[in-house]
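Peer 1:
There are 2 protein chains.
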Amino acid sequence: MHLFYQPNINKDTFQFLDEIESKHAIRVLRLKENDLILLVDGKGTFYEAKITNAHPKKCGFEIQQKRIEESKLPYLHIAIAPTKNNERTEWFIEKCTEIGIHEITPILTQHSERKNLKEERLVKTAVSAMKQSLKATLPQINPVTPLKNIVITPFDGKKYIAHCHEGNKKLLKTDYPIGENALVLIGPEGDFSGEEVELAKKNGFIPISLGKSRLRTETAGIVACHTINLLNE
Amino acid sequence: MHLFYQPNINKDTFQFLDEIESKHAIRVLRLKENDLILLVDGKGTFYEAKITNAHPKKCGFEIQQKRIEESKLPYLHIAIAPTKNNERTEWFIEKCTEIGIHEITPILTQHSERKNLKEERLVKTAVSAMKQSLKATLPQINPVTPLKNIVITPFDGKKYIAHCHEGNKKLLKTDYPIGENALVLIGPEGDFSGEEVELAKKNGFIPISLGKSRLRTETAGIVACHTINLLNE
Numbered sequence: 016m017h018l019f020y021q022p023n024i025n026k027d028t029f030q031f032l033d034e035i036e037s038k039h040a041i042r043v044l045r046l047k048e049n050d051l052i053l054l055v056d057g058k059g060t061f062y063e064a065k066i067t068n069a070h071p072k073k074c075g076f077e078i079q080q081k082r083i084e085e086s087k088l089p090y091l092h093i094a095i096a097p098t099k100n101n102e103r104t105e106w107f108i109e110k111c112t113e114i115g116i117h118e119i120t121p122i123l124t125q126h127s128e129r130k131n132l133k134e135e136r137l138v139k140t141a142v143s144a145m146k147q148s149l150k151a152t153l154p155q156i157n158p159v160t161p162l163k164n165i166v167i168t169p170f171d172g173k174k175y176i177a178h179c180h181e182g183n184k185k186l187l188k189t190d191y192p193i194g195e196n197a198l199v200l201i202g203p204e205g206d207f208s209g210e211e212v213e214l215a216k217k218n219g220f221i222p223i224s225l226g227k228s229r230l231r232t233e234t235a236g237i238v239a240c241h242t243i244n245l246l247n248e
Numbered sequence: 016m017h018l019f020y021q022p023n024i025n026k027d028t029f030q031f032l033d034e035i036e037s038k039h040a041i042r043v044l045r046l047k048e049n050d051l052i053l054l055v056d057g058k059g060t061f062y063e064a065k066i067t068n069a070h071p072k073k074c075g076f077e078i079q080q081k082r083i084e085e086s087k088l089p090y091l092h093i094a095i096a097p098t099k100n101n102e103r104t105e106w107f108i109e110k111c112t113e114i115g116i117h118e119i120t121p122i123l124t125q126h127s128e129r130k131n132l133k134e135e136r137l138v139k140t141a142v143s144a145m146k147q148s149l150k151a152t153l154p155q156i157n158p159v160t161p162l163k164n165i166v167i168t169p170f171d172g173k174k175y176i177a178h179c180h181e182g183n184k185k186l187l188k189t190d191y192p193i194g195e196n197a198l199v200l201i202g203p204e205g206d207f208s209g210e211e212v213e214l215a216k217k218n219g220f221i222p223i224s225l226g227k228s229r230l231r232t233e234t235a236g237i238v239a240c241h242t243i244n245l246l247n248e
């Protein structure tokens with residue numbers, strides 16, 4: 016069954032796909048009246064619906080039933096420095112959306128080479144990955160935020176900072192308690208500065224290693240995301 | 016220290032970088048005589064060397080000392096159907112090389128949309144990822160191989176086939192015994208056929224799931240690779 020994203024789904028029985036999704040349904044997929052489709056609202060609910068009006072700009076549908084997405088994954092938030100090459104950040108977002116994540120914040124750090132991002136593209140990447148992996152929940156993607164703001168904002172769960180400086184670091188897989196919410200900070204190509212690591216530590220972040228391999232920024236992000244998912248599987 | 020790939024390093028004290036690496040060292044990085052460089056042979060050894068002749072086409076160096084790469088990862092071989100979009104296969108190779116893998120075989124399956132691959136590009140991707148992650152071991156990248164050939168070839172370790180058909184499947188993370196070699200088969204966008212799954216089962220492959228999320232081919236490959244690495248960490 017074909018999947019459509021409809022963030023503003025409401026309680027009315029008869030509704031319409033937006034113009035882009037209508038065109039896709041009717042012109043590309045050539046769906047007809049009475050064909051069944053699946054809708055997701057990005058907030059965790061699937062809707063089974065029947066096409067009532069195969070209009071290529073305003074395709075009408077009627078909801079048949081809804082189903083809440085099941086997930087055992089506790090809240091996972093990854094705050095990551097955008098990579099110099101935008102594609103790598105998009106790839107990180109695609110893979111984490113497939114694997115499982117709730118919130119992503121691009122962060123501004125002292126060694127960040129990139130200070131801006133096209134948020135709209137990141138959201139598009141996440142929507143497409145959500146549909147591809149048949150999920151109903153779209154991760155929240157925040158605007159680029161200075162590291163300090165993330166570090167001093169309270170978070171109800173374990174807080175980690177992954178960095179490559181020498182020193183006493185725990186392994187994420189052994190420190191993370193299954194079932195707990197987690198916020199993980201991932202640094203830029205040039206790593207977090209010593210000052211940034213100290214600031215995070217002062218605010219309750221635990222320095223961690225993701226393993227013995229030296230990973231690129233986006234790989235570290237995916238590895239952190241998959242570690243938390245795997246432990247909760 | 017700058018890292019160079021020198022697959023044909025030998026026992027002579029005085030040697031030369033190849034033309035491309037010489038140009039990179041002398042013209043791009045502007046290294047000079049007596050500068051120290053790090054070489055890897057792709058077979059698990061690091062060499063510390065000193066530049067003896069800063070020639071832009073045939074840069075001479077003298078080996079100072081060598082060090083064998085440490086790794087606790089048992090032999091890991093992933094056989095994966097090439098994705099329709101080549102970039103996704105290259106991403107898979109880059110990420111697995113960073114995370115840790117010994118052998119990669121692109122496989123021909125009944126539902127494969129792509130039947131050929133530029134092996135040379137895949138090897139280049141792996142070399143660059145090896146250097147980037149400061150590893151000394153280059154994964155072996157095999158030519159495209161029919162699934163059947165992989166399935167009937169003896170393998171000394173656990174053999175898994177990841178597929179999305181219904182049925183009795185174990186979770187890779189719970190079935191895999193730490194320390195064992197592993198061969199994991201990852202199917203194409205359209206999954207392995209029922210016939211292919213049966214053939215693999217007959218030859219001792221255990222059907223597995225990688226978790227509840229529905230993953231793209233290349234994501235499934237990375238998730239399998241990271242699962243084995245994480246368990247052995």
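In the order they appear, the protein sequences are chains A and B.
Oh and the first sequence: position 138 is 153 in this note's numbering, straight run, nothing missing.
Oh and the second sequence: position 144 is 159 in this note's numbering, straight run, nothing missing.
Virtual Cβ for every residue (Gly too), placed ideally from N, Cα, C.
Treat the numbers as computed from the prediction; the structure is a model and nothing was measured.
1) Tell me which residues share the same chain as A/Asn183 and place their Cβ nearer than 8 Å to its Cβ, disregarding the 5 neighbours each side in the sequence.
2) Residues of chain B with CB under 7 Å from A/Arg229, in chain order?
3) From which residue to which residue does the alpha helix (DSSP H) around A/Gln30 run?
4) Along the chain, where does the alpha helix (DSSP H) that runs through B/Gly209 open and close?
5) Could you list which residues in chain B have their beta carbon closer than 7 Å to that of A/Val212, in chain order?
6) Where do the ends of the alpha helix (DSSP H) carrying B/Leu200 lie?
7) Could you check how far apart the C-beta atoms of B/Thr69 and B/Lys47 are, in whole angstroms? I think they sit under 8 Å.
8) Return the residues of the stretch 186 to 220 of chain A that lie within a Cβ-Cβ distance of less than 7 Å from chain B, sorted by chain order.
9) State the DSSP-derived secondary structure class of B/Ile221, mapped to helix, strand or coil.
10) By a C-beta neighbour count over all protein chains shown, 10 Å radius and 16 as the cutoff for buried, is B/Pro97 buried or exposed?
11) Quick check on the DSSP output: the beta strand (DSSP E) that includes A/His241 runs from which residue to which?
12) Just checking: is the beta-carbon of B/Leu251 within a distance shorter than 8 Å of some beta-carbon in chain A?
13) Quick check: B/Lys290 and B/Thr140, are their CB atoms within less than 8 Å of each other?
14) Out of A/Lys227, A/Ile52 and A/Asp206, state which residue places its alpha-carbon closest to the alpha-carbon of A/Leu187.
15) By how many angstroms is the C-alpha of A/Leu198 removed from the C-alpha of B/Phe31?
16) Applying the 10 Å Cβ sphere with the 16-neighbour rule, what's the burial state of A/Asn164?
17) What first and last residue would you give for the beta strand (DSSP E) that runs through A/Asn68?
18) Can the beta-carbon of B/Leu245 be found less than 8 Å from the beta-carbon of A/Thr189?
19) Against chain A, does B/His241 count as a neighbour if the rule is that its beta carbon must be under 8 Å from one of theirs?
20) If you measure from the beta carbon of B/Gly236 to each beta carbon in chain A, is any gap under 8 Å?
21) Among residues of its own chain, excluding the 5 on either side of B/Cys74, which ones have a beta-carbon nearer than 7 Å to its beta-carbon?
22) Pull out every residue of the stretch 97 to 114 of chain B whose Cβ sits closer than 7 Å to any Cβ of chain A, in chain order.
23) So A/Glu248 contacts chain B; which residues on that side make the cut at Cβ distance below 8 Å?
24) Checking 8 Å against the spacing of the C-beta atoms, do A/Ile95 and A/Gly236 come in under that value?
25) Specify, as a first and last residue, the run of the beta strand (DSSP E) that B/Phe170 falls within.
26) Relative to the alpha-carbon of A/Lys185, which residue among B/Glu248, B/Pro121, B/Leu18 and B/Tyr62 has its alpha-carbon at the smallest distance?
27) So, for A/Glu105: in the same chain, excluding its five sequence neighbours on each side, which residues have a beta-carbon less than 8 Å away from its beta-carbon?
28) Report yes if the C-beta distance between A/His180 and A/Gly209 is below 8 Å; otherwise report no.
29) Just curious, the alpha helix (DSSP H) that A/Glu36 is in, first and last residue?
30) Out of curiosity, what's the CA-to-CA distance linking B/Ser142 and B/Asn157?
31) In whole angstroms, give me the CA-to-CA distance for A/Leu91 and A/Cys240.
32) How should A/Ile108 be labelled, buried or exposed, when 16 other C-beta atoms within 10 angstroms of its C-beta is the threshold for buried?
33) Between A/Gly205 and the ligand SAH, is there a pair consisting of the residue's CB and a ligand heavy atom that are separated by less than 7 Å?
34) Give the range of the beta strand (DSSP E) segment to which A/Val55 is assigned.
35) Do you know whose CA, among B/Lys110, B/Glu85 and B/Lys99, lies nearest B/Ile122's CA?
36) If you draw a straight line from the C-alpha of B/Arg103 to the C-alpha of B/Ile78, how long is it?
Peer 2: Taking the structure as given:
1) Counting only Cβ-Cβ distances below 8 Å, and skipping sequence neighbours, we find Pro222.
2) For A/Arg229, the residues of chain B that pass the 7 Å Cβ criterion are Ser148 and Leu149, in the order they occur in the chain.
3) Note, A/Gln30: premise wrong, no alpha helix (DSSP H); beta strand (DSSP E) at Phe29 to Phe31.
4) Residue range Gly209 to Lys217 is occupied by the alpha helix (DSSP H) that includes B/Gly209.
5) Within 7 Å Cβ-Cβ: nothing; A/Val212 doesn't reach chain B, min ~21 Å.
6) Looking at the DSSP string, B/Leu200 is not in any alpha helix (DSSP H); the run it does join, the beta strand (DSSP E), is Ala197 to Ile201.
7) In the sequence as displayed, the identity of residue 69 of chain B is Ala instead of Thr. Yes, they are in contact, since the Cβ atoms of B/Ala69 and B/Lys47 sit about 5 Å apart, within 8 Å.
8) Leu186 and Lys188
9) strand
10) buried
11) Element bounds for A/His241: not the beta strand (DSSP E) but the alpha helix (DSSP H), Thr232 to Asn247.
12) Residue 251 of chain B lies beyond the range of chain B shown here (16 to 248); nothing can be said about it.
13) Since the first residue of chain B shown is 16 and the last is 248, residue 290 of chain B is not available in this structure.
14) Closest in C-alpha terms to A/Leu187, from the list A/Lys227, A/Ile52 and A/Asp206, comes A/Lys227.
15) 48 Å
16) exposed
17) Thr60 to Asn68
18) Taking 8 Å as the Cβ cut-off, B/Leu245 and A/Thr189 do not qualify as a contacting pair.
19) With 8 Å as the cut-off, B/His241 counts as an interface residue toward chain A.
20) Closer than 8 Å: no.
21) For B/Cys74, where only same-chain residues beyond five positions count, the Cβ hits under 7 Å are Phe31, Leu32, Ser37, Ala40, Ile41, Ile66 and Asn68.
22) Trp106, Lys110, Glu113 and Ile114
23) Leu186, Lys188, Gly226 and Lys227
24) yes
25) Looking at the DSSP string, B/Phe170 is not in any beta strand (DSSP E), and its letter there is neither H nor E.
26) Comparing Cα-Cα distances from A/Lys185 to each of B/Glu248, B/Pro121, B/Leu18 and B/Tyr62, the minimum goes to B/Glu248.
27) Arg136, Leu137 and Thr140
28) yes
29) Glu34 to Lys38
30) The sequence shown places Val at residue 142 of chain B, rather than the Ser named in the question. So the two alpha carbons sit approximately 14 Å from each other.
31) In this model, A/Leu91 and A/Cys240 are separated by some 8 Å (Cα to Cα).
32) With 16 or more Cβ atoms within 10 Å of its Cβ, A/Ile108 is classed as buried.
33) With respect to the ligand SAH, the structure offers nothing, as it holds no ligand at all.
34) Leu51 to Val55
35) If we check each option's Cα against that of B/Ile122, B/Lys99 comes out closest.
36) 38 Å
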